[in-house]
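Residue numbers (this note's numbering): 1418 to 1662.
Below is one structure, written out as structure tokens, with a few remarks after it.
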């Protein structure tokens, strides 16, 4: 091909190239073949942030209109907050799936351990936290915090992807004070805010403060840092002090 289209955020490499100079001064070179990779981890962070903004707006509209709204309007307000929150939480989890995929390519996990995970069907959040621990040389305290936060995020992600099919009892909505279908309680703006900001803050911490030893991870870390700084120009996202519930 005569040209290659590049965009911001792409990683470009030339895996193989040779140049030969003959005795007569002639130059013979292999054609240059560019290999490209686009990291979708920060892209999914951006998608999650966009849906979180929608969820927060929907919550504000619900709070303002609830007391005087018709039942039809109440249902529409709840649906809007539910849909935006569910998409925000799912996108936050996918961002970590994308990070995990890149780190697996860096071969930080031995093949025998990967086979054990497949055989035992190890939980996704456990696989990711252990991979990140090895890739970024995390200490036990940081690993535990990462694991606990990812467990919470993936709990809601799994509810979005694999919702229970059975009929269940209504759950008290803690903000409205009445019983509702479970999805309106789990997928609301407060939980989306925790999931998205926690996911983004942990990625920010890895990009800024972690000390990876592998050169491939170091190079990836630099690119991740640059992308996250574009998404959060004011600095590391602040996580709500109370956990999702």
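For every residue, glycine included, the Cβ atom is placed at its ideal position computed from N, Cα and C.
Give every residue of the same chain whose Cβ lies closer than 7 angstroms to the Cβ of residue i, excluding the five residues on either side of it in the sequence, and list them in chain order.
i, result
"residue 1504", "1468"
"residue 1576", "1603"
"residue 1536", "none"
"residue 1590", "1597, 1601, 1602"
"residue 1498", "1472, 1475, 1476, 1479, 1605, 1606"
Excluding the five sequence neighbours on either side, which residues of its own chain have a C-beta within less than 6 angstroms of the C-beta of residue i, listed in chain order?
i, result
"residue 1534", "1544"
"residue 1550", "1560"
"residue 1458", "1512, 1515, 1516"
"residue 1626", "none"
According to DSSP, residue i sits in a beta bridge with which residue or residues?
i, result
"residue 1588", "1597"
Thinking just about the alpha-carbon of each residue, which of the options is nearest to the one in residue i?
i, options, result
"residue 1651", "1631, 1639, 1618", "1618"
"residue 1609", "1460, 1472, 1458, 1528", "1472"
"residue 1492", "1634, 1646, 1632, 1598", "1598"
"residue 1502", "1539, 1574, 1629", "1574"
"residue 1524", "1630, 1558, 1646", "1630"
"residue 1584", "1592, 1536, 1461, 1600", "1600"
"residue 1613", "1649, 1538, 1528", "1649"
"residue 1519", "1633, 1588, 1506", "1633"
Decide if residue i is buried, meaning its Cβ has at least 16 other Cβ atoms within 10 Å, or exposed.
i, result
"residue 1638", "buried"
"residue 1595", "exposed"
"residue 1582", "exposed"
"residue 1552", "buried"
"residue 1496", "exposed"
"residue 1547", "buried"
"residue 1489", "exposed"
"residue 1466", "buried"
"residue 1433", "Unreliable positioning characterises residue 1433 in this predicted model, as indicated by a pLDDT of 47, which lies under 50. A coordinate reading is not provided."
"residue 1462", "buried"
"residue 1635", "exposed"
"residue 1538", "exposed"
"residue 1592", "exposed"
"residue 1644", "buried"
Report yes if the CB atom of residue i is closer than 8 angstroms to the CB atom of residue j, and no otherwise.
i, j, result
"residue 1606", "residue 1476", "yes"
"residue 1555", "residue 1513", "no"
"residue 1571", "residue 1515", "no"
"residue 1642", "residue 1615", "no"
"residue 1621", "residue 1580", "no"
"residue 1508", "residue 1578", "no"
"residue 1542", "residue 1558", "no"
Starting from the C-beta of residue i, find all residues in its chain whose C-beta is less than 8 angstroms away, skip the five residues before and the five after it, and write them out in chain order.
i, result
"residue 1494", "1475, 1478, 1479, 1482, 1483, 1486"
Let me see if you follow: with CB-CB separation under 8 angstroms, is residue i close to chain D or not?
i, result
"residue 1556", "In the structure shown, chain D does not exist; there is a single protein chain."
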